[in-house]
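These notes are about the structure you will find just below.
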Amino acid sequence: RIDKQLEDDAGGYGEDQNIALFGTPGQDKFEFVMTGRHMTLRCDGNSADHVAFGGPIFYGHAADGFNEGPEHKGNVFWPQALAANGLFEMLDGKQRKLALVDRLPREQDSGFRGPQGSFPGIPIADLSADQKSHAQQVLAKLLEPYRQSDRDEVAACLKAQGGLDACSLAFYQEGDLGDDQVWDCWRLEGPAFVWYFRGTPHVHVWVNVADDPNVPLNS
-17 RIDKQLEDDA GGYGEDQNIA LFGTPGQDKF EFVMTGRHMT LRCDGNSADH
33 VAFGGPIFYG HAADGFNEGP EHKGNVFWPQ ALAANGLFEM LDGKQRKLAL
83 VDRLPREQDS GFRGPQGSFP GIPIADLSAD QKSHAQQVLA KLLEPYRQSD
133 RDEVAACLKA QGGLDACSLA FYQEGDLGDD QVWDCWRLEG PAFVWYFRGT
183 PHVHVWVNVA DDPNVPLNS
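Residue numbering for the sequence shown is -17 to 201, as defined by this note's numbering.
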C-alpha cells in the first residue's frame, strides 16, 4: 500500500522523499523519519518519552487525481474510512445526531485537549457493547500498517488516558463528497489521542498519540 501511495503521489520510492536519522540505530534511543508528499512517517526506537510513533505522523493519498470522487477509487487508506462508516451505520437516530458535526476542524488542529476537553461527536463510552466492539475494530484497522511495537505503544497510551471509552467519534457533514452520507471526514479524539481523517478533496490523515495530554504538539 505504501508503495502504491509513493508511486501515485511522488513517482515512487526514492524520487521525492527526505530521510533523517536521530541518534544511533541499534542503541536505545534513535528515530528514523521519512517525509515527502502525503508523508511524515517515523520509525521510533524509544527516542521520545510519552508519545507513540516518536511523535505526530501524517499520511495521505491522492489516488484518482487531486479531486477524488466519493468512492475514492484506488485510495489505499479509504478502507479505514469505510470501517469507521460501518460503525456509523450501527448507530440509531439519536446517536447519529450526536455523532454528526457540521463543520470540519482545521487541518493543523491535532493538539491535545486533555481530560477536561470537549470532544466533538459521540462518546465511545455511550455506545452499546456491539458498537464498542466495532470501535475497537476501527482502531485495529487504523493501526494495521504499523509494527506490533507501535500498536502496543498506542494501546498503552490510550489505556493511560482511559482507553477508547475516554474518546469520542465525530463524522463531518462538511466535505461529504457526492452528498451520499458516506462520511469522508471523521475524527477519533480523546484526552491525548487524535486521529483525524479528512477525505476531501483527497485523503489526508493527522495522528497524534501520547500518554500525557501535556505533551505539546511539535509538528
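Glycine included, every Cβ here is placed at the ideal spot set by N, Cα and C.
Near residue i, which residues of its chain fall below 6 Å by C-beta distance, leaving aside the five closest residues on each side in sequence?
i        : result
His184   : Ala44 and Glu50
Asp46    : Lys55 and Gly56
Leu80    : Ile104
Lys114   : none
Ala142   : Asp193
Lys(-14) : Val58
Could you name the residues of the same chain whose beta carbon sits closer than 7 Å to that of residue i, not counting the 5 residues immediately before and after it, in chain order?
i      : result
Gly8   : none
Thr182 : Gly157, Leu159, Asp166 and Cys167
Leu199 : Pro38, Ser92, Gly93 and Asn190
Using DSSP with H/G/I as helix, E/B as strand and the rest coil, what is residue i?
i      : result
Arg133 : helix
Val191 : strand
Gln62  : helix
So, under 8 Å CB-CB, residue i and residue j are touching, yes? Tell me the CB distance rounded to an integer number of Å.
i      : j     : result
Gly103 : Leu64 : Not really, about 18 Å apart at Cβ, beyond 8 Å.
Ala192 : His20 : In fact, because the Cβ distance is near 23 Å, the residues do not count as touching under 8 Å.
Considering only C-alpha positions, which residue in the set the options is nearest to residue i?
i      : options                        : result
Arg95  : Val15, Glu171, Asp84 and Asn67 : Glu171
Pro87  : Asp194, Phe153, Ala2 and Val15 : Phe153
Val164 : Leu23, Pro97, Asp132 and Leu82 : Leu82
Asp10  : Ile1, Leu23, Ala30 and Gln98   : Ala30
Is the beta carbon of residue i less than 9 Å from the beta carbon of residue j?
i      : j      : result
Val187 : Phe4   : no
Phe179 : Phe48  : no
Asp26  : Gln77  : no
Gly68  : Val120 : yes
Gln155 : Asp84  : yes
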